[in-house]
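Q: Take the sequence shown: its letters are residues 0 to 240, numbered as in numbering that gives the first Met the number 0.
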Amino acid sequence: MARDQYQDFIDGFGFRRTLLCHGDVPLQRKINMDFVRRFHLLSSTEPVAPDFCLADTSELEFKTQEGSSLRVSHPLLKSAYLTLGRAWPSTLTFDELVDEATRQLDPQLPSAEDVQLLVEAMFVLACSGEVGFFLSRPKLTRHVSDRPLASPVARMQSQSDTMVTNMLHQTVRLEDERGCQALQLLDGSRSFDELVEVICGGMANAADRHQSSVERVDPAAVAGDLRQFLQTAAKLGLLIG
Numbered sequence: 000m001a002r003d004q005y006q007d008f009i010d011g012f013g014f015r016r017t018l019l020c021h022g023d024v025p026l027q028r029k030i031n032m033d034f035v036r037r038f039h040l041l042s043s044t045e046p047v048a049p050d051f052c053l054a055d056t057s058e059l060e061f062k063t064q065e066g067s068s069l070r071v072s073h074p075l076l077k078s079a080y081l082t083l084g085r086a087w088p089s090t091l092t093f094d095e096l097v098d099e100a101t102r103q104l105d106p107q108l109p110s111a112e113d114v115q116l117l118v119e120a121m122f123v124l125a126c127s128g129e130v131g132f133f134l135s136r137p138k139l140t141r142h143v144s145d146r147p148l149a150s151p152v153a154r155m156q157s158q159s160d161t162m163v164t165n166m167l168h169q170t171v172r173l174e175d176e177r178g179c180q181a182l183q184l185l186d187g188s189r190s191f192d193e194l195v196e197v198i199c200g201g202m203a204n205a206a207d208r209h210q211s212s213v214e215r216v217d218p219a220a221v222a223g224d225l226r227q228f229l230q231t232a233a234k235l236g237l238l239i240g
């Protein structure tokens with residue numbers, strides 16, 4: 000037990016994880032890979048090379064944000080991995096994944112064998128942690144709304160740290176203190192122009208307090224930086240739909 004506890008510390012777990020079951024409940028230790036059909040799937044897979052072909056059987060390498068890499072040659076698998084990566088940080092049901100992956104290849108329905116191959120691939124990637132699966136779709140958005148709203152938990156965390164928790168329960172890092180300050184403003188009450196105005200006002204007040212000789216705050220530059228930050232926040236799964 001002590002050895003396993005120390006191994007947990009090495010692996011990053013803080014305590015022993017034990018699954019308790021009722022004595023009269025039979026354990027099914029063999030997992031049916033078809034379980035992936037019941038979940039919303041998530042992955043950050045994206046092709047390594049900018050030029051590729053989905054329709055043939057040439058090998059295509061994908062990578063994830065965590066640094067994992069995988070190579071596939073089957074057209075449906077290549078299209079599916081590309082589809083998942085483009086949907087990130089949103090999830091897709093298995094049927095949505097099949098429909099979109101097929102649409103990128105051919106309007107005709109894939110064969111039952113091809114779909115089963117995709118089931119097996121998603122099962123393997125789910126077991127290795129390269130594909131996440133959720134019972135329900137996470138309440139996040141990939142699109143920046145007229146009045147951007149960020150996770151309340153992340154906004155609170157950003158008051159003291161650049162490490163915050165996104166809507167996928169993952170820890171992500173904001174670039175700097177300015178990013179933290181921008182995130183704290185995303186409470187859904189301000190339009191883009193109002194956000195720019197508040198940020199410009201804060202920068203001007205800071206310069207006055209420190210008697211800074213920096214050039215006048217440029218609203219256009221602030222707007223450009225904010226637009227980029229909002230896109231990054233959406234990509235990190237920090238914005239709520």
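Using N, Cα and C, we set each Cβ at its ideal position, and we do this for glycine too.
Ser67 and Glu129: beta carbons closer than 9 Å?
A: Numbered from its first residue, the sequence shown carries residue 67 at position 68. Numbered from its first residue, the sequence shown carries residue 129 at position 130. Yes.
Q: Mapping the DSSP letters down to three states, classify Lys77 as helix, strand or coil.
A: One-based indexing of the sequence shown puts residue 77 at position 78. Lys77 falls in the helix class under three-state DSSP.
Q: Got a sec, what are the start and stop residues for the alpha helix (DSSP H) Phe61 sits in?
A: Looking up residue 61 in the sequence shown gives position 62. Note, Phe61: premise wrong, no alpha helix (DSSP H); beta strand (DSSP E) at Leu59 to Lys62.
Q: Tell me which residues share the same chain as Gly236 and place their Cβ nearer than 6 Å to its Cβ, disregarding the 5 neighbours each side in the sequence.
A: Position 237 of the sequence shown holds residue 236. Hits under 6 Å: Pro88, Leu139, Asn165, Met166 and Leu167.
Q: Measuring only the C-alpha atoms, how far is Ala219 from Glu174?
A: Here residue 219 corresponds to residue number 220 of the sequence shown, with the count starting at 1. Here residue 174 corresponds to residue number 175 of the sequence shown, with the count starting at 1. Cα-Cα distance, rounded: 21 Å.
Q: Could you tell me the boundaries of the beta strand (DSSP E) in which Val71 lies?
A: As a working note, residue 71 is residue 72 in the sequence shown. That run of the beta strand (DSSP E) goes Ser68 to Val71.
Q: Between the Cα of Met32 and the Cα atoms of Ala125, Leu59 and Ala48, which residue gives the shortest distance?
A: Numbered from its first residue, the sequence shown carries residue 32 at position 33. Closest option to Met32, Cα to Cα, is Ala125.
Q: Whole alpha helix (DSSP H) runs in the region 126 to 214 with 4 or more residues, listed along the chain?
A: Complete alpha helix (DSSP H) runs here, min 4: 151 to 156, 176 to 183 and 191 to 208.
Q: Leaving out the 5 sequence neighbours to the left and right, which residues in its chain are closer than 6 Å to Gln64 when beta-carbon positions are compared?
A: Residue numbering aside, residue 64 sits at position 65 when the sequence shown is read from its first letter. Only Ser43 meet the Cβ criterion.
Q: Report the option in Phe93, Pro137 and Arg36 whose CA atom is closest to the CA atom of Leu238.
A: On the sequence shown, residue 238 is found 239 positions in, with the first residue counted as 1. Among Phe93, Pro137 and Arg36, the Cα nearest to that of Leu238 belongs to Pro137.
Q: Straight-line CA distance for Phe228 to Gln6?
A: For the purposes of this step, residue 228 is taken as the residue at position 229 of the sequence shown. For the purposes of this step, residue 6 is taken as the residue at position 7 of the sequence shown. Between Phe228 and Gln6, the C-alpha separation is close to 39 Å.
Q: Bridge partners of Glu45, per DSSP?
A: Position 46 of the sequence shown, counted from the first residue, corresponds to residue 45. Paired residues: Lys62.
Q: For Leu238, which of helix, strand or coil comes out of DSSP?
A: In the sequence shown, the residue the question calls residue 238 occupies position 239. Here Leu238 sits in strand by DSSP.
Q: Can you round the beta-carbon distance between Phe133 and Leu41 to whole angstroms, since I take them to be within the 8 Å contact cut?
A: Within the sequence shown, the letter at position 134 stands for residue 133. Within the sequence shown, the letter at position 42 stands for residue 41. That pair is a contact at about 7 Å.
Q: Identify, in the order they occur along the chain, each residue of the same chain with its Cβ nearer than 6 Å to the Cβ of Tyr80, setting aside the five sequence neighbours on each side.
A: Residue 80 sits at position 81 when you count from the first residue of the sequence shown. For Tyr80, where only same-chain residues beyond five positions count, the Cβ hits under 6 Å are Thr44 and Phe61.
Q: Which residues bound the alpha helix (DSSP H) around Thr26?
A: Translated into positions along the sequence shown, residue 26 becomes position 27. Checking the displayed sequence, the identity of residue 26 turns out to be Leu instead of Thr. Here Leu26 belongs to no alpha helix (DSSP H), and DSSP marks it neither H nor E.
Q: Going by alpha carbons, who is nearest to Asp55 out of Val71, Pro49, Ala48 and Val47?
A: By 1-based counting over the sequence shown, the position of residue 55 is 56. Nearest option by C-alpha distance: Val71.
Q: Just grab the DSSP bridge partners of Leu91 for me.
A: Here residue 91 refers to the residue found at position 92 when the sequence shown is read from its first residue. Beta-bridge pairing links Leu91 to Leu40.
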